Each structure stands twice: as structure tokens, then as C-alpha cells.
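Read in order, the letters of the sequence shown correspond to residues 3 to 159 in the numbering used here.
Think of the CB as a built atom: it goes at the ideal place given N, C-alpha and C, for glycine as much as any other residue.
None of these values were measured; they are calculated from a predicted model.
Working notes, beginning with the structure itself.
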Amino acid sequence: MTLDKHIIHQLITFAIKHRKIMQNYLDATGVYHAQHRLLMEISRNPNAPQIELERQMDVSSATIAVSLKKLEKGGYIIKKTDDVDNRLNQIVITEKGYCVVEKSKKIFKMADEKCFKGFSEEEKKNFLQLLEKLNSNIFVPAAENNDWRVSESHCPY
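See below:
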């Protein structure tokens, strides 16, 4: 395995393990992954309109609508009609929702501490710079999509 492939393999392995571990902890909150992510985003941006949540989370309006409906049905949020514009809904986190948010913050803090145990601040800064570089390299604007296509003209199959 080349060094590049080994690095990518380690990143993917970490991401899979991290997600499984986090999901196990977060299952105890009673909120599923997609709804949990939305609830945390609402807690960070309490007055954000739905379209802003879509942009922040990079998901469709249908995905947000379904997740909001499930969170509302579960008693984690309530929707209130905006006083100024009746076409807009304000999304308000309930006490039950805030309990999940606070419990989740503790889980995230614990997980972060576990992941970075033994790392110096300098190592974390260097690692962050390297990850940012990887992410900027893989970002593909629509105009550059052709760079990622593999030529089929040389393939005998």
C-alpha cells in the first residue's frame, strides 16, 4: 500500500470508528443522527431561518422539513409563526430539546478529549493545517468536475 493510500485508509478508518462510537453515545439521547445534527445546529443558530439551516448543513429543504417534523413530534422543538411575517416559522428548542443539547455537548467534549489524548497543542495545530489542505485539495467546483473524470479510451473492458 502506498503512503498516500495508507493515510487515506487511516482517515476513513478513524471517521468510521468515530461515527460508530458517537452514535452509540448519542443513541442514549433518544434522537436519531439526522435530527440530532439539526437540533445542535438550531442550538448554535437559534433564530436562523430554515433556508439558512439548509445551507449550513448542506442538505435539501425536504431533509430539513422531515427532520423538523420528527423533532417537533418528539417534543424537542416547537414551531411558532413569526410575528412580523406569517409565512415564516421560528424554531424554538423546548426544555426536552435543551436537555439533549447539553448532554450532547458533554458527550462531544469527552470524545474530543479521548481522541486528542497525548496530542500537544502544536501537534493539533499542525494536524488541522494538514486536514485543511487535504479538504481544499479535494474540493471540486462544478467548473472543474472534468478533472476528476477517468478517461475510458484506454480501458479494454
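Any alpha helix (DSSP H) of 4 or more consecutive residues that is wholly inside the stretch 34 to 111: DSSP runs (the alpha helix (DSSP H)) wholly in the stretch 34 to 111: 35 to 46, 52 to 59, 63 to 75.
Exposure of Q58, with buried meaning 16 or more beta-carbon neighbours within 10 Å: For the purposes of this step, residue 58 is taken as the residue at position 56 of the sequence shown. Exposed is the call here.
Contacts around L1, its chain only, beta-carbon distance under 8 Å, and the 5 residues preceding and following it disregarded: Shown here, the chain extends from 3 to 159; a query on residue 1 therefore has no answer.
Distance between G77 and T96 (C-alpha atoms, nearest Å): Taking the sequence shown and counting its residues from 1, one reaches residue 96 at position 94. Taking the sequence shown and counting its residues from 1, one reaches residue 77 at position 75. Within the model, the alpha-carbon separation for T96 versus G77 is close to 7 Å.
At least three beta-carbon pairs within less than 8 Å, the stretch 18 to 25 to the stretch 120 to 139: No, they do not touch.
Endpoints, alpha helix (DSSP H) assigned at F141: One-based indexing of the sequence shown puts residue 141 at position 139. If you look at F141, you'll find it isn't in any alpha helix (DSSP H); DSSP assigns it neither H nor E.
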